Amino acid sequence: MSEEAAPPAVRPRRRWWRWLAGGILGIVALLAAALAILDTSIGHRWVADQIAGLRPSNGLRYSVGRIEGSLFSRARLVDVRISDPKGLIFYAPRADLSWVPFAWLDNRLHIRSLVIPRATLAKLPQTIRTGKAGPLLPGFDIRIGELRVDRLAVAPKITGVARTGRLAGRADIHAGRALVDLSATVEGSDTLALKLDAEPDRNKFDVGVHARGTASGVLAKLAGFARPIAIDIAGDGTWTLWKGMARADVGPVRLVDLALNNRSGTYALTGTLTPAPLAKGKLQRLTAPRVAVTGAATLADRRLDGTLTLRSAALAIDTVGTVDLGQGAYRNLRLHARLLQPKALFPNMSGRGIELRAILDGAFATAHFDYRLKADRFAFDDTGFEVARAGGAGTFSKSPIRVPIRFTAARVTGIGDVAGGILRNLSLDGVLRVTSKLVIGDDLRVRSDKLTGRINLTLDLVTGKFEVGVNGVLGRYLIPGLGIVDVRSILRVVPGPAGRGARVIGTGTAQMVRLDNAFFRSLTDGLPKITTGLERTPDGILHLNNLVLTSPSLRLAGNGIRRRDGTFHFEGRGTQATYGPLTLKLDGKIERPTLDLVFERPNETMGLSNVVAHLDPTAQGFAFTARGGSRLGPFDGRGEILLPSGADGTIQVDELNVSGTRANGALQIVTGGFEGRLAIAGGGISGELLFRPVGTIQRIEAHLAADAARLDDAITLRRGRLDAVMLLDPAGTSIDATATGNGLRRGTLSLGRFAANASLRGGRGEIRASIAGARGRAFDIQTVTQVTPDSFAVSAQGTLDRRPLRLATPAVFTRDGDGWRLAPTRLSFAGGEAQLAGRFTEASSAVDATLSRMPLSILDIGYPGLGLGGTASGKLSFAQGHGAAPTGRVDMTVRGLTRSGLILSSQPVDVGIAGILQPGKAAARAADVSIGWSDRVETDSLGAASLPSAFHRSRTKPATAPSKSPCPSASARGSRRVAPAASIAASTRFGKIW
1 MSEEAAPPAV
11 RPRRRWWRWL
21 AGGILGIVAL
31 LAAALAILDT
41 SIGHRWVADQ
51 IAGLRPSNGL
61 RYSVGRIEGS
71 LFSRARLVDV
81 RISDPKGLIF
91 YAPRADLSWV
101 PFAWLDNRLH
111 IRSLVIPRAT
121 LAKLPQTIRT
131 GKAGPLLPGF
141 DIRIGELRVD
151 RLAVAPKITG
161 VARTGRLAGR
171 ADIHAGRALV
181 DLSATVEGSD
191 TLALKLDAEP
201 DRNKFDVGVH
211 ARGTASGVLA
221 KLAGFARPIA
231 IDIAGDGTWT
241 LWKGMARADV
251 GPVRLVDLAL
261 NNRSGTYALT
271 GTLTPAPLAK
281 GKLQRLTAPR
291 VAVTGAATLA
301 DRRLDGTLTL
311 RSAALAIDTV
321 GTVDLGQGAY
331 RNLRLHARLL
341 QPKALFPNMS
351 GRGIELRAIL
361 DGAFATAHFD
371 YRLKADRFAF
381 DDTGFEVARA
391 GGAGTFSKSP
401 IRVPIRFTAA
411 RVTGIGDVAG
421 GILRNLSLDG
431 VLRVTSKLVI
441 GDDLRVRSDK
451 LTGRINLTLD
461 LVTGKFEVGV
471 NGVLGRYLIP
481 GLGIVDVRSI
491 LRVVPGPAGR
501 GARVIGTGTA
511 QMVRLDNAFF
521 RSLTDGLPKI
531 TTGLERTPDG
541 ILHLNNLVLT
551 SPSLRLAGNG
561 IRRRDGTFHF
571 EGRGTQATYG
581 PLTLKLDGKI
591 ERPTLDLVFE
601 RPNETMGLSN
611 VVAHLDPTAQ
621 GFAFTARGGS
631 RLGPFDGRGE
641 ILLPSGADGT
651 IQVDELNVSG
661 TRANGALQIV
671 TGGFEGRLAI
681 AGGGISGELL
691 FRPVGTIQRI
701 EAHLAADAAR
711 LDDAITLRRG
721 RLDAVMLLDP
731 AGTSIDATAT
741 GNGLRRGTLS
751 LGRFAANASL
761 RGGRGEIRAS
771 IAGARGRAFD
781 IQTVTQVTPD
791 SFAVSAQGTL
801 DRRPLRLATP
811 AVFTRDGDGW
821 RLAPTRLSFA
831 GGEAQLAGRF
841 TEASSAVDAT
851 LSRMPLSILD
861 IGYPGLGLGG
871 TASGKLSFAQ
881 GHGAAPTGRV
891 DMTVRGLTRS
901 GLILSSQPVD
911 VGIAGILQPG
921 KAAARAADVS
931 IGWSDRVETD
941 SLGAASLPSA
951 FHRSRTKPAT
961 APSKSPCPSA
971 SARGSRRVAP
981 AASIAASTRF
991 GKIW
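In UniProt numbering, the protein residues as written are 1 to 994.
As structure tokens, then:
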């Protein structure tokens with residue numbers, strides 16, 4: 001039995017390729033549909049809207065009113081506009097475009113023709129600077145068969161008057177081929193013909209440019225010159241060897257004069273550029289008189305690879321590397337620049353050996369940079385930096401560019417020895433922010449041999465002016481001849497007046513940690529601290545505003561300056577613990593300045609006032625002169641203050657003159673004060689003054705003898721002696737003193753003998769004195785005075801003409817502002833009594849007195865030989881202020897008034913006196929009640945100075961009075977007239993009558 005044959009196997013149907021093909025066809029169909037829709041009126045409108053919606057960062061805006069025809073072959077663009085932020089640039093009612101858009105898929109821009117029958121150029125573009133730098137050459141091929149503008153209306157805004165022009169051109173740029181042919185004309189102003197035809201495979205190379213433009217033409221406006229322009233580039237040869245030239249004239253100036261060369265794609269140029277006559281400011285200075293140019297490069301794949309050298313009198317620049325024109329990038333571009341004339345960069349700059357080396361790599365806008373600066377020396381004005389180096393690396397960005405920096409300088413000069421020493425081995429680290437006009441550094445770290453801190457820097461690249469703000473610490477800085485100081489400052493930079501320049505303002509603190517100047521140490525009695533406001537004005541002067549110096553014994557406040565040469569000037573007022581109020585004027589170097597000191601009241605015990613000291617710096621210290629007032633009269637002196645290094649200072653007194661007496665000697669400046677001896681001689685006085693400190697208090701010991709001495713031309717002393725020890729404690733002077741003498745006269749006061757001793761501690765204590773006299777009427781008086789810093793009380797008793805005299809209550813004087821006030825005090829003498837009160841200052845006085853039967857013979861104490869008798873009762877007041885007319889009133893009765901001479905005495909009379917003294921007017925009346933007549937003395941509208949000589953008298957008699965004087969003799973009559981009438985006088989300074 002035979003087997004049947006098996007049926008054939010069924011193969012599965014493979015349809016996957018149908019699905020794939022269907023999908024592709026579907027996508028193509030969708031794209032075709034989209035393209036078809038895009039080429040409809042709706043699509044045209046959408047494309048126009050997309051064009052209008054473009055927002056380039058440079059500010060340009062585009063619009064198309066309507067699109068007709070086909071987007072994919074021939075299209076008509078209606079109402080084409082190009083604008084910038086300032087307005088319309090270009091307008092074309094119609095533009096006919098024939099192009100091949102799908103060529104873009106092959107990285108080609110293919111335009112068969114672009115024809116614009118009529119267009120308007122309304123103005124030149126004014127775009128926004130974005131800081132972005134794109135490729136200089138496009139990265140795609142370009143083919144433009146025809147570009148034509150048949151009629152171009154140029155608006156008056158560009159050329160001054162309306163003009164018309166035309167433009168025609170074509171281009172074909174692709175691998176191995178470059179053809180550009182462009183011609184343009186603006187009637188009456190500009191012509192341009194440009195042709196480039198390069199084709200290496202056919203050994204073809206030709207370049208030609210011919211351009212002419214008037215001063216008001218489009219070319220001049222584009223170039224920024226208001227002068228005629230002529231540009232010519234021409235040559236002859238082939239790709240293998242071509243030689244030519246390039247010239248550009250701007251007015252009479254040959255701006256460009258170059259020889260050009262091409263050898264099989266290696267391009268070279270040599271010649272000169274002359275921009276200086278057309279430039280201003282920095283560019284003019286850097287390029288004058290001309291710039292020599294040498295360069296060679298190859299151009300392949302849109303990369304320019306070669307070298308370029310620029311030379312002028314002020315600047316030399318060498319570059320080598322590659323610039324990628326297609327990508328808009330640097331490729332390891334190296335730059336070496338040498339500044340030959342620093343003043344060309346900044347007018348106030350000088351220096352030598354100034355060089356910059358830099359490397360650029362990457363896209364123009366974001367290239368990486370690495371730079372190194374060096375200078376043997378550079379300076380702005382007088383401030384210089386020696387052996388200076390700077391460097392850093394960063395990346396370009398939008399303005400301002402952040403530039404990391406590390407700067408070092410071995411020395412800083414022109415700021416004075418002190419500041420120069422502080423800034424030795426200066427270094428600075430941080431980041432600068434750089435624009436085209438400014439370099440700004442915030443919070444830069446700064447160090448030197450002495451200084452640490454942070455600074456702010458502003459450098460004007462246009463003017464070269466710079467300002468530095470410092471927040472720094474200067475630790476333990478030694479100022480030779482002065483000491484060691486810690487300095488802190490906080491400064492900031494602010495705009496100058498009217499926005500010009502800059503000011504540095506802030507505060508500073510200086511704390512002395514060691515004071516070597518012995519003279520200054522004697523004034524401060526410790527380590528001083530200075531706080532001040534600081535302001536550096538555009539003239540370079542540092543102003544010290546509201547400066548305050550404080551120390552244990554001295555406080556000063558004032559204002560000063562630090563000049564650009566490092567010297568100082570300061571004027572201030574203050575108080576010194578020992579010497580009281582003072583003013584100080586300082587000028588010169590801070591470690592050894594010229595000084596003018598004025599002490600108002602340096603020692604009240606000695607009566608010193610308005611003491612003026614002038615100190616001139618010398619190699620050994622200071623030379624000084626001094627003058628002022630004292631209880632013994634005006635004084636003057638001269639000498640030296642010797643300040644040897646490492647030893648105590650010495651005040652060498654060459655001479656100190658007062659009232660004919662001279663002192664000389666040497667005082668060593670030691671801790672706590674002075675130690676030494678002054679010898680006293682001349683004017684009838686001899687002896688010595690010994691100085692030594694006790695702790696921190698100055699001790700002065702005096703041993704003086706007088707023999708026929710004359711002091712202040714008003715005091716004479718026949719014989720006397722003074723032994724005293726004084727401690728000049730700021731809390732109060734301490735004195736132990738004994739004085740004796742005889743034959744003392746001052747004015748009308750005459751003392752036959754005197755003796756006194758004083759014992760004061762801290763301004764408190766007791767003074768006992770005894771005085772006696774025999775001229776006129778004999779007197780003998782003893783006093784005890786209790787002294788405190790703000791008051792003293794005087795108790796006194798004795799005899800006058802053998803009759804008792806005493807103060808019934810102590811005379812208490814209390815400090816009252818700048819003067820002393822006398823409390824009401826009762827004085828009794830021979831059965832009479834007087835009560836006195838008043839106030840006294842150096843410039844004014846006021847007295848109130850009430851008398852009750854007070855014998856007039858008491859006046860013989862002050863006026864020996866006056867010889868008045870009788871008693872006085874009544875009231876008297878007198879006052880005179882500084883610079884003011886005196887005022888006063890008197891209402892007095894004198895009983896039994898007599899005056900005794902050597903032979904005769906007048907007859908006793910009773911007199912009544914009444915008077916008033918006012919500014920510009922005075923009146924007085926004296927009446928002899930015993931014989932019935934009166935004298936009337938009167939002035940009106942007179943100054944006080946003319947008061948005594950202006951009195952006039954009117955005498956009146958009562959009807960019952962006898963016609964002749966009852967006095968029996970002329971001598972008696974004369975005495976009587978002097979006593980009741982003519983002896984009346986006024987002293988406007990002291991307010992005394994008689």
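We put the CB at the ideal spot given by N, CA and C, even for glycine.
Fair warning: this is a prediction, and the values are worked out from it, not measured in the lab.
When DSSP states are grouped into helix, strand and coil, T287 belongs to the helix group.
Secondary structure at F346: coil, using DSSP grouped into helix, strand and coil. Counting the other Cβ atoms within 10 Å of the Cβ of H44 gives 16 or more, which makes it buried.
Spatial neighbours of R66 in its own chain (CB-CB distance under 6 Å, excluding positions within 5 residues in sequence) are listed in chain order as V78. Straight-line spacing of the CA atoms in G838 and A884 works out to 18 Å. Here the C-alpha atom of A793 lies approximately 18 Å from the C-alpha atom of G817. DSSP, reduced to helix, strand and coil, places T395 within a strand of the structure shown.
Burial check for D525: the Cβ neighbour count within 10 Å reaches 16 or more, so the residue is buried. Here V47 carries a helix assignment [DSSP, helix/strand/coil].
Going by C-alpha positions, P538 is about 16 Å away from L461.
8 Å or more divides the Cβ of A647 from the Cβ of A663. If the five residues before and after G237 are omitted, its C-beta is found closer than 6 Å to the C-beta atoms of K243, all from its own chain and listed in chain order. Distance between L544 and I359, taken at the CA atoms: about 46 Å. Sixteen is the threshold: when 16 or more other Cβ atoms of the shown chains lie within 10 Å of the Cβ of Q576, as they do, the residue is buried. Secondary structure remark: continuous beta strand (DSSP E) runs of at least 3 residues inside the segment 234-276, in chain order: 242-250, 253-263, 266-273. The criterion of a C-beta distance shorter than 8 Å is not satisfied by L491 and V513. The residues T575, E600, in chain order, have a CB closer than 6 Å to that of P581 in the same chain once the five nearest residues on each side in sequence are set aside. Put simply, of N58, E68, L60, P56 the residue whose alpha carbon is nearest the alpha carbon of W46 is E68.
Here R202 carries a helix assignment [DSSP, helix/strand/coil]. Contact between the segment 336-356 and the segment 282-296 is established, with three or more Cβ pairs separated by less than 8 Å.
The beta carbon of L333 sits closer than 8 Å to those of T319, V320, G321, T322, V323, I359, L360, D361, all from its chain and outside the five residues before and after it, given in chain order. Here I422 is not bridged, per DSSP, to any residue. D860 counts as buried, since at least 16 other C-beta atoms from the protein chains shown sit within 10 angstroms of its C-beta.
Using a Cβ distance threshold of 8 Å, G165 and I111 do not count as a contacting pair. Looking at the backbone, the Cα of G732 and that of V598 are separated by about 22 Å. The three-state secondary structure of F691, taken from DSSP, is strand.
DSSP, reduced to helix, strand and coil, places K374 within a strand of the structure shown.
Of the candidates W239, R170, N261, V218, N261 places its Cα closest to the Cα of I233. Shown here, R357 sits in a strand according to DSSP, grouped into three states. Under the three-pair Cβ rule at 8 Å, the segment 79-91 does not count as touching the segment 99-108.
Straight-line measurement puts the Cα of E640 at about 17 Å from the Cα of G673.
V161 sits exposed, since fewer than 16 C-beta atoms from the chains shown fall within 10 Å of its C-beta. When DSSP states are grouped into helix, strand and coil, A226 belongs to the coil group. Around the beta-carbon of K398, fewer than 16 other beta-carbon atoms lie within 10 Å, marking it exposed. Membership of T452 in any alpha helix (DSSP H) is not indicated; the residue belongs instead to the beta strand (DSSP E) covering 451-460. Distances from the CA of T274 to each of T294, V253, T383, R151 were compared; the closest alpha carbon is that of V253.
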